[in-house]
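As structure tokens, the structure follows; a few thoughts come after it.
There are 2 protein chains.
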Amino acid sequence: MKRVKKKIFHDYIAKQGLKSTRQRDIILEAFLSSDRHLSIEELYLKLRAKHPNIGYATVYRTLKLFAESGIAREMQFGDGQTRYEHVGEGEHHDHLVCTGCGAIIEFENETIETLQKEVAAAHGFLIQTHKLELYGLCARCRG
Amino acid sequence: MKRVKKKIFHDYIAKQGLKSTRQRDIILEAFLSSDRHLSIEELYLKLRAKHPNIGYATVYRTLKLFAESGIAREMQFGDGQTRYEHVGEGEHHDHLVCTGCGAIIEFENETIETLQKEVAAAHGFLIQTHKLELYGLCARCRG
DNA sequence: CGCATCATGAAAGTGATTTTCACTAACATA
DNA sequence: TATGTTAGTGAAAATCACTTTCATGATGCG
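As given, the protein sequences belong to chains A and B, one line each in that order. In our numbering, each residue's number is its place in the first sequence (first place is 1) plus 713. In our numbering, each residue's number is its place in the second sequence (first place is 1) plus 713.
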């Protein structure tokens with residue numbers, strides 16, 4: 714899985730005439746081996762431990778590049794920070810966001826997707842993307 | 714409708730030991746008589762025409778107060794600005810957001826709401842709120 | 001290796017709030 | 001009605017989370 718995504722990214726870099734750098738490889742490895750839904754800040758802090766000389770701007774720019782290459786997706790969960798989640802090929806999912814501990818749980822529901830398409834059709838609307846988030850307390854936080 | 718919301722707000726103000734001020738009344742009237750999904754900036758500009766001495770910070774603080782009192786709700790549609798929409802009692806709706814012209818169309822779908830509850834239940838999750846937005850092109854922008 | 005390009009890091013800049021602060025206005029209470 | 005206490009206001013400064021700039025450093029094709 715990691716290898717596939719690394720290849721996708723390197724192919725993208727090459728195709729765009731960009732360069733392969735030590736920093737990009739380090740950030741890519743850190744991103745792929747970390748939690749889904751990481752913010753720039755979180756990834757930056759995680760990296761600083763082992764690579765104190767990597768700048769915030771580089772992490773920011775590289776994450777954008779990941780999104781462009783298709784291995785990551787930008788997300789907003791209302792906490793004011795942009796988060797990047799891993800993208801598997803073709804898959805789509807929505808989220809349960811715990812307002813207690815901040816946990817983000819993914820789920821898929823085909824029926825909901827179908828109904829969304831019906832709603833859009835009824836309004837003559839052409840869907841490009843959608844976003845469904847359920848905010849509340851996870852099983853642990855309901856305590 | 715306006716009268717009901719004004720009462721709700723004034724009751725809230727009183728209950729919290731806050732004060733009723735000229736500015737709050739002006740902002741409340743402007744909010745209630747305007748488009749749904751207004752940004753702070755938009756409301757501020759609209760107000761400046763008739764009341765050039767009302768500050769941005771006051772509009773910002775008052776809108777927050779509206780949200781706390783329950784007559785408005787904060788929303789993010791990915792354009793980097795917080796928007797406030799009117800809240801009717803008990804009602805809930807979701808949005809179609811046109812990426813072409815920025816139009817925001819509301820819709821309701823009971824079946825989707827029900828399915829959301831099922832998903833939450835399956836994860837032991839207690840829903841507080843949710844957010845469903847379909848991004849794409851509206852009938853007009855599809856051309 | 002040479003060098004045209006792209007990349008990086010530190011720091012400055014942005015845009016949208018959010019907070020601070022000195023000054024007012026509300027609303028009991030005298 | 002005059003006061004005192006407390007909340008509210010507006011202008012300006014401060015935050016926050018990016019985003020861009022710029023001088024310097026890598027890359028990698030020829």
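Where is the CB? At the ideal position from N, CA and C, for every residue including glycine. Since this is a predicted model, take the numbers as computed values, not measurements.
Chain A contact for residue i (CB, 8 Å cutoff)
{"i": "B/Lys844", "result": "yes"}
{"i": "B/Gly815", "result": "no"}
{"i": "B/Gly791", "result": "yes"}
{"i": "B/Thr775", "result": "no"}
{"i": "B/Arg749", "result": "no"}
{"i": "B/Gly849", "result": "yes"}
{"i": "B/Ala785", "result": "no"}
{"i": "B/Ala743", "result": "no"}
{"i": "B/His806", "result": "no"}
{"i": "B/Gly837", "result": "yes"}
{"i": "B/Glu727", "result": "A small fix is needed here, since residue 727 of chain B is Ala in this sequence, not Glu. It does not: the Cβ of B/Ala727 has no partner Cβ on chain A nearer than 8 Å."}
Boundaries of the alpha helix (DSSP H) in which residue i is found, first to last residue
{"i": "A/Ile767", "result": "Looking at the DSSP string, A/Ile767 is not in any alpha helix (DSSP H), and its letter there is neither H nor E."}
{"i": "A/Cys854", "result": "852–855"}
{"i": "A/Phe722", "result": "715–728"}
{"i": "A/Gln829", "result": "823–835"}
Host beta strand (DSSP E) of residue i (start-end)
{"i": "B/Leu756", "result": "No beta strand (DSSP E) holds B/Leu756; the alpha helix (DSSP H) holding it covers 753–763."}
{"i": "B/Gln736", "result": "Where B/Gln736 is concerned, there is no enclosing beta strand (DSSP E), although the alpha helix (DSSP H) it sits in stretches over 735–745."}
{"i": "A/Ile818", "result": "817–820"}
{"i": "A/Thr812", "result": "No beta strand (DSSP E) contains A/Thr812, which DSSP labels as neither H nor E."}
{"i": "B/Arg680", "result": "No answer is possible for residue 680 of chain B: the residues shown for chain B start at 714 and end at 856."}
{"i": "A/Glu787", "result": "785–789"}
C-alpha gap between residue i and residue j, whole angstroms
{"i": "B/Met788", "j": "B/Glu798", "result": "7 Å"}
{"i": "A/Arg737", "j": "A/Phe790", "result": "26 Å"}
{"i": "A/Gly768", "j": "A/Tyr848", "result": "33 Å"}
{"i": "B/Cys814", "j": "A/Lys728", "result": "33 Å"}
{"i": "B/Gln841", "j": "A/Val717", "result": "38 Å"}
{"i": "B/Lys719", "j": "B/Gly730", "result": "17 Å"}
{"i": "B/Cys851", "j": "B/Glu802", "result": "28 Å"}
{"i": "A/Lys763", "j": "A/Cys811", "result": "30 Å"}
{"i": "A/Arg853", "j": "A/Asp792", "result": "21 Å"}
{"i": "A/Ile721", "j": "A/Ala780", "result": "11 Å"}
{"i": "A/Leu778", "j": "A/Pro765", "result": "21 Å"}
{"i": "B/Arg786", "j": "A/Arg735", "result": "46 Å"}
{"i": "B/Ser782", "j": "B/Thr775", "result": "10 Å"}
{"i": "A/Lys715", "j": "B/Ala835", "result": "30 Å"}
{"i": "A/Gly837", "j": "B/Glu755", "result": "28 Å"}
{"i": "B/Glu742", "j": "B/Val800", "result": "15 Å"}
{"i": "B/Ala770", "j": "A/Ala770", "result": "31 Å"}
Supposed close pair residue i, residue j - CB separation, criterion 8 Å
{"i": "B/Ser752", "j": "B/Gln794", "result": "4 Å"}
{"i": "B/Lys830", "j": "A/Glu846", "result": "With a Cβ gap of about 14 Å, B/Lys830 and A/Glu846 do not count as contacting."}
{"i": "A/Leu703", "j": "A/Phe820", "result": "A query on residue 703 of chain A cannot be resolved here, the shown segment of chain A reaching from 714 to 856 and no further."}
{"i": "A/Ile817", "j": "A/His723", "result": "About 28 Å separates the two Cβ atoms, so there is no contact after all."}
{"i": "A/Ile825", "j": "B/Ile825", "result": "6 Å"}
{"i": "A/Ile740", "j": "A/Ser733", "result": "Their Cβ separation, rounded to whole angstroms, is 12 Å, which puts A/Ile740 and A/Ser733 out of contact at 8 Å."}
{"i": "B/Leu839", "j": "A/Arg855", "result": "5 Å"}
Spatially closest choice to residue i from the options, by CA coordinates
{"i": "A/His805", "options": "A/Arg855, A/Thr734, A/Asn822", "result": "A/Asn822"}
{"i": "B/Phe744", "options": "B/Leu731, B/Ser733, B/Arg735, B/Leu760", "result": "B/Leu760"}
{"i": "A/Tyr773", "options": "A/Ile818, A/Cys814, A/Leu758", "result": "A/Leu758"}
{"i": "B/Asp807", "options": "A/Ala770, A/Thr771, A/Val832, A/Arg735", "result": "A/Val832"}
CB contact below 8 Å: residue i versus chain B
{"i": "A/Gln829", "result": "yes"}
{"i": "A/Asp753", "result": "According to the sequence as given, residue 753 of chain A is Ile; it is not Asp. No, A/Ile753 does not count as interfacial toward chain B."}
{"i": "A/Phe779", "result": "no"}
{"i": "A/Tyr769", "result": "no"}
{"i": "A/Arg855", "result": "yes"}
{"i": "A/Phe820", "result": "yes"}
{"i": "A/Val832", "result": "yes"}
{"i": "A/Ile825", "result": "yes"}
{"i": "A/Ile840", "result": "yes"}
{"i": "A/Ala762", "result": "no"}
{"i": "A/Thr812", "result": "yes"}
{"i": "A/Leu809", "result": "yes"}
{"i": "A/His799", "result": "no"}
{"i": "A/Gly730", "result": "no"}
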